[in-house]
Structures are given as C-alpha cells and as structure tokens.
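For the sequence shown, this note's numbering assigns the number 195 to the initial residue and increments by one for each residue that follows. What follows is a short report on a single structure.
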Amino acid sequence: MKLSLLLLELFIMKAKTPLLLIIFRLVLGPILIGLTYKYGNTIRTELVILIILGLLSDIFDGIIARKMNVSSEKFRRMDSQTDLVFWLCVSWCAWLLNPEIIKNNTFSISLLIAMEVLTYVFSISKFGKETCTHALLSKLWGLTLLVAFVSIIGFGYGGLCLYIAIVFGIIGHIDVYLIIYFLPKWEHDVPSCYHAYLIKKGVSISRNKLFNG
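Dropping the structure here:
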C-alpha cells in the first residue's frame, strides 16, 4: 500500500512540470494583452521576452512529458488548444500595437484564420474531435510566427518576416489537411502527411521525441 502511494506521488510530481508549463502559457496570453493595453508602445521589449518564454514553454512541456513518460492523449490535446489561445493572444497584442500592419495584410491573415478553422471542421467531421498532429511543418510555422511577431511587436515592422510566416502557415495547414485525409483513425503527434500515408498503409512510424515535444 505504501509503495503504491509512493509511486502515485512520484507520478504526480513528474506530471506537474509539463502541466505547469502549459498552464503558464495559457495564463501568459491574457497577461500579454493586459500589459499591452496598459503600457502600449513602452513595453514592446518586455512583451517580446515574454512571448519567447511562452514558445520555450511549448517546446519543453512535450519533451519533458515524454522523457518522464507522462504524455497522454489528453495532455497533447490540452497542449494544442493552449497553443491556439496563446498565439491568438499574441496576435491581439500585435493588432493593438500596429493595427496598420494587420490591415495591410487582411486577406492573407483572414486566409490563415479560415484555414485554421477548417482544420477543426475537417477533423471533427471525420474523427469527432479536434486535430492534434503537432506536425513538423506546423512547428516550423510556429517558429516563423515567433519571428514575425517579434518583428511586429518588438520593432513595429511586418515585411518579409510576416510574409514568410504567412507562406509557411499556408503550407503547414495543407499538410495538416492531408494528415487528416490519410489517417484512418484519430491520432496525435503525426509528423507529416507522408507519415499519415504510411499509417494508412499499416506501416509503423517512429515519432521523434524531441521534435514532437
């Protein structure tokens, strides 16, 4: 009995770290918006630092969970939805600080929003739950988003950084559409549409523990 309680306590302690990183990112989003409303242009550098910390928490929560063997479907879905909330909050901050940049790219940004909504529509229609692929191209899009938001929020400039993020966003969403199309049943952590195709053919795939963090 004591051994069982000890093992349960150790498991809970292990699970706390990645969960706390997710909660940190979830809470950080609204904090960023609040700081932007209150301080505006005077806090650009601090916002950039906090956004980078948010991205780092996203990178390490999955890695730590896998290393500690506490990753699960519920955890991965929570991670995905937290990512969405966090980046929406960052987008809001960019709008508050430089609305002209957002307005000048209304079509491209609207296209990305529509594509994101469609991933939910397609996945829920086929599997009954939202997508949770954590695909490599989506992660690459996340990095280009970071660069674009640092450029906008930190320096008031969109330009090439925003253009690259939009291009990778479109490519990443197409990859997710194909993953949803190929998968015979819902799965999380599918690296690419090619891997989804292999799963459809019954081929076992390997999931990189670092890049599927």
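Quick reminder that beta carbons are idealized off the backbone N, C-alpha and C, glycines included.
- Contact check for Cys283 against Leu337 fails: the beta carbons are separated by 7 Å or more.
- In this structure Ser332 is buried. Its beta-carbon is surrounded by 16 or more other beta-carbon atoms within 10 angstroms.
- Using a Cβ-Cβ distance cut-off of 8 Å, the region 346-360 and the region 279-294 are in contact, since at least three pairs of beta carbons, one from each stretch, lie closer than that value.
- In this model, Glu310 and Tyr351 are separated by some 24 Å (Cα to Cα).
- Note that the C-beta distance between Arg219 and Thr300 is not below 7 Å.
- Under the three-pair Cβ rule at 8 Å, the region 372-386 does not count as touching the region 352-361.
- In terms of Cβ geometry, Asp273 and Ile217 do not form a close pair [threshold 7 Å].
- When DSSP states are grouped into helix, strand and coil, Trp335 belongs to the helix group.
- Within its own chain, the residues whose Cβ lies closer than 8 Å to the Cβ of Arg270, once the five positions on either side in sequence are excluded, are Gly256, Cys326, His328, His382 and Asp383, listed in chain order.
- Here Gly363 carries a helix assignment [DSSP, helix/strand/coil].
- C-alpha of Ser304 to C-alpha of Trp335: approximately 16 Å in a straight line.
- If you draw a straight line from the Cα of Leu222 to the Cα of Leu278, it is about 13 Å long.
- Residue Leu377 holds the alpha-carbon nearest to the alpha-carbon of Lys394 among Leu377, Lys320, Ser386 and Asn235.
- Relative to the Cα of Leu330, the nearest Cα in the group Gly353, His389, Ser319 and Val341 belongs to His389.
- Assigned with DSSP and collapsed to three states, Lys323 falls in coil, not helix or strand.
- Taking the Cα positions, Val315 is about 17 Å away from Gly363.
- Nearest to Trp281 by C-alpha distance, out of Ala342, Leu354, Pro212 and Val397, is Ala342.
- In terms of Cβ geometry, Thr211 and Ile253 do not form a close pair [threshold 7 Å].
- Ranked by Cα distance from Lys268, the options Leu247, Glu324, Pro385 and Leu249 are led by Glu324.
- Per DSSP, reduced to three states, the secondary structure at Lys394 is helical.
- Distance from the CA atom of Ser400 to the CA atom of Ile246, rounded to whole angstroms, is 29 Å.
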